[in-house]
Amino acid sequence: MLEQSEDEGATWTVANAGPLDQYSNDATVTGLKPETAYWFRLVVKDGSSGGISNTGQITTLPDSGWRLVGEAGFSGQLVRDTELVLDAAGIPYIAYVDQAMTGKIIVKKFTGAAWASVGAEATDEQASSVSLALDGEGRPYIAYTAVADSLLTVRKFDGTAWTTVGQAGIGEGDLPDLKLDAANRPYVAYRDLAGPLGGAITVSTFADGSWQPAGAAQFTPETSVQRLSLAIGKDGVPYVGYFAVPDGSYNSYKPFVYRLAGGAWTDIGYSGFGTPHSASVRISLAASPVDGAIYAVFDDTNVSRMPSVIRWNGSDWDAIGSPGIAPRADSLRIAVDSQGVPYVAYSKRNEGGGPVSVLRWSGTAWENVGGRRFFRRRRLRHFACDRCRGKTLRILRGSIGRPEFDGQSISEADLESVRGAERRPGAA
Numbered sequence: 001m002l003e004q005s006e007d008e009g010a011t012w013t014v015a016n017a018g019p020l021d022q023y024s025n026d027a028t029v030t031g032l033k034p035e036t037a038y039w040f041r042l043v044v045k046d047g048s049s050g051g052i053s054n055t056g057q058i059t060t061l062p063d064s065g066w067r068l069v070g071e072a073g074f075s076g077q078l079v080r081d082t083e084l085v086l087d088a089a090g091i092p093y094i095a096y097v098d099q100a101m102t103g104k105i106i107v108k109k110f111t112g113a114a115w116a117s118v119g120a121e122a123t124d125e126q127a128s129s130v131s132l133a134l135d136g137e138g139r140p141y142i143a144y145t146a147v148a149d150s151l152l153t154v155r156k157f158d159g160t161a162w163t164t165v166g167q168a169g170i171g172e173g174d175l176p177d178l179k180l181d182a183a184n185r186p187y188v189a190y191r192d193l194a195g196p197l198g199g200a201i202t203v204s205t206f207a208d209g210s211w212q213p214a215g216a217a218q219f220t221p222e223t224s225v226q227r228l229s230l231a232i233g234k235d236g237v238p239y240v241g242y243f244a245v246p247d248g249s250y251n252s253y254k255p256f257v258y259r260l261a262g263g264a265w266t267d268i269g270y271s272g273f274g275t276p277h278s279a280s281v282r283i284s285l286a287a288s289p290v291d292g293a294i295y296a297v298f299d300d301t302n303v304s305r306m307p308s309v310i311r312w313n314g315s316d317w318d319a320i321g322s323p324g325i326a327p328r329a330d331s332l333r334i335a336v337d338s339q340g341v342p343y344v345a346y347s348k349r350n351e352g353g354g355p356v357s358v359l360r361w362s363g364t365a366w367e368n369v370g371g372r373r374f375f376r377r378r379r380l381r382h383f384a385c386d387r388c389r390g391k392t393l394r395i396l397r398g399s400i401g402r403p404e405f406d407g408q409s410i411s412e413a414d415l416e417s418v419r420g421a422e423r424r425p426g427a428a
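Using full-length UniProt numbering, read the sequence shown as starting at 1 and increasing by one per residue.
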């Protein structure tokens, strides 16, 4: 058997290494503490005889605090358009397009031991631009664009099968972001491709048995909308963040935020968004489950496009910390935990495929969660906070050809194998 010691051999305990025999060449020891010196020895007994080996000493590495959720690459094949959410009990759900096989959407949840499918395939047709959300009862909803006709449809799982919510084909559009309010009413924001204003944003909600625009359809004056993000405050008011080329500007991008108030969409853009930039910029919104406050993280052109975080106070935006909380990023996501604490996940630009880092607001400063750059050579695809226990969870995407992720769509072929990780409770 293998024994271990933490006091230079003064006392010994049996190591958690499983059974060993005369054919064993190595042993895997579990249950060790991070950044701790251990001494090991092999104790051999055979009836009345036996012996003790020389000791060996190791020091365990620092614990980054991040763990895989289930098996790495659990999809078993190449997929695209991964989306992640967590239910009230902290159980993660993921939706993705089965790129390698059918091109249809598959939804899975983590059972505690493995990822299990939620019903059969969630769509009857090939799909893209997937968004996933859960209602208050934990029922999953998806919004997606059909590859065949570019029509947007919302479906939900009723416990037995996937069914269409309202009419199929809400409108011609892509880049959907789906959320449900406290009354379980679904909202979906999308880039509306129909008509002369094609490329502007429409937000639709399901009411009285059909999908209807919330406020005016195609309400954004810009028709060059790219990445968009939807959040719903605790009062049921939807907010949309996006970036686009402002009217009259040539190939210069800028983030915007709109709020639906009194049936009309109002521009509540932050004065600190800065001037338009020739390169694309990113923005992500999230609502606090505590007070419904809306947080936004965005590429701040005032500080060389490093990300900054702001919070809507009801009439204006307040900065959360100093501008430029991290290096320039390939991808940005923000989430808020059950205590109202905001987290930002990002992948680093121009560094071997984008190592991922997560930051948490301490109340006075942004601090790293579980170590910086804890997962290399992947790009961040989605990020969520456990509303029950305050853990964080993220999904990463690894792609062939490294197409740049723009928050909702991919600039070239996007082939990925799903991977997940979570932060262990109590990890710094």
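We treat Cβ as the ideally placed atom computed from N, Cα and C, and that holds for glycine.
Assigned secondary structure, residue i (DSSP; H/G/I helix, E/B strand, else coil)
i, result
"residue 16", "coil"
"residue 302", "helix"
"residue 340", "coil"
"residue 416", "Low local confidence applies: a pLDDT of 42 at residue 416 is under 50, so the model's placement there is unreliable, and no value is given."
"residue 272", "helix"
"residue 163", "strand"
"residue 292", "coil"
"residue 441", "An answer regarding residue 441 cannot be provided, because it is not within the stretch 1 to 428 covered by the chain."
"residue 78", "coil"
"residue 186", "strand"
"residue 173", "strand"
"residue 67", "strand"
"residue 322", "coil"
Reference residue i; option with closest CA among the options
i, options, result
"residue 129", "111, 171, 176 and 292", "176"
"residue 166", "211, 158 and 149", "211"
"residue 173", "221, 204 and 25", "204"
"residue 171", "7, 217, 141 and 111", "217"
"residue 198", "6, 213, 35 and 223", "223"
"residue 293", "322, 311, 243 and 276", "311"
"residue 89", "361, 343, 365 and 337", "337"
"residue 356", "327, 342 and 366", "327"
"residue 4", "23, 24 and 31", "31"
"residue 306", "315, 286, 314 and 274", "274"
"residue 329", "365, 243, 281 and 188", "281"
"residue 309", "315, 365, 266 and 260", "365"
"residue 215", "208, 238, 148 and 168", "238"
Supposed close pair residue i, residue j - CB separation, criterion 8 Å
i, j, result
"residue 345", "residue 333", "5 Å"
"residue 161", "residue 152", "Incorrect: roughly 21 Å between the Cβ atoms, too far for contact."
"residue 59", "residue 33", "At roughly 11 Å, the Cβ-Cβ gap does not stay under 8 Å, so residue 59 and residue 33 are not in contact."
Own chain, CB closer than 6 Å to residue i, minus 5 neighbours either side, in chain order
i, result
"residue 181", "232 and 236"
"residue 123", "104 and 105"
"residue 150", "172"
"residue 269", "256 and 257"
"residue 288", "336 and 340"
"residue 196", "none"
"residue 132", "83, 85, 95 and 142"
"residue 145", "128, 129, 152 and 174"
"residue 12", "3 and 5"
"residue 193", "172 and 173"
"residue 107", "95, 118, 122 and 140"
"residue 317", "270 and 310"
8 Å CB neighbourhood of residue i in its chain, flanking five on each side removed
i, result
"residue 284", "229, 241, 296, 297, 298, 332, 333, 334 and 407"
"residue 2", "14, 15, 17, 20, 27, 29, 40, 41, 42 and 43"
"residue 184", "135, 136 and 137"
"residue 114", "70, 71 and 74"
"residue 56", "39, 40 and 41"
"residue 77", "98, 99, 100, 101 and 417"
"residue 291", "234 and 340"
"residue 276", "245, 246, 249, 252, 253, 254 and 301"
"residue 343", "334, 335, 336, 337, 358, 359, 360, 361, 369, 383, 385 and 392"
"residue 158", "139"
"residue 267", "256, 257 and 258"
Beta carbon proximity, residue i to chain C, threshold 8 Å
i, result
"residue 127", "No chain C is part of this structure, which consists of one protein chain only."
Residue i Cβ short of 7 Å to the ligand NAP heavy atom set
i, result
"residue 136", "Looking for the ligand NAP in the displayed structure turns up nothing, as the structure carries no ligands at all."
Cutoff 7 Å; reference residue i; Cβ partners in own chain excluding five residues on either side
i, result
"residue 81", "96, 97, 128, 129 and 130"
"residue 388", "With a pLDDT of only 37 at residue 388, under 50, the local geometry of the prediction cannot be trusted, and no value is derived from it."
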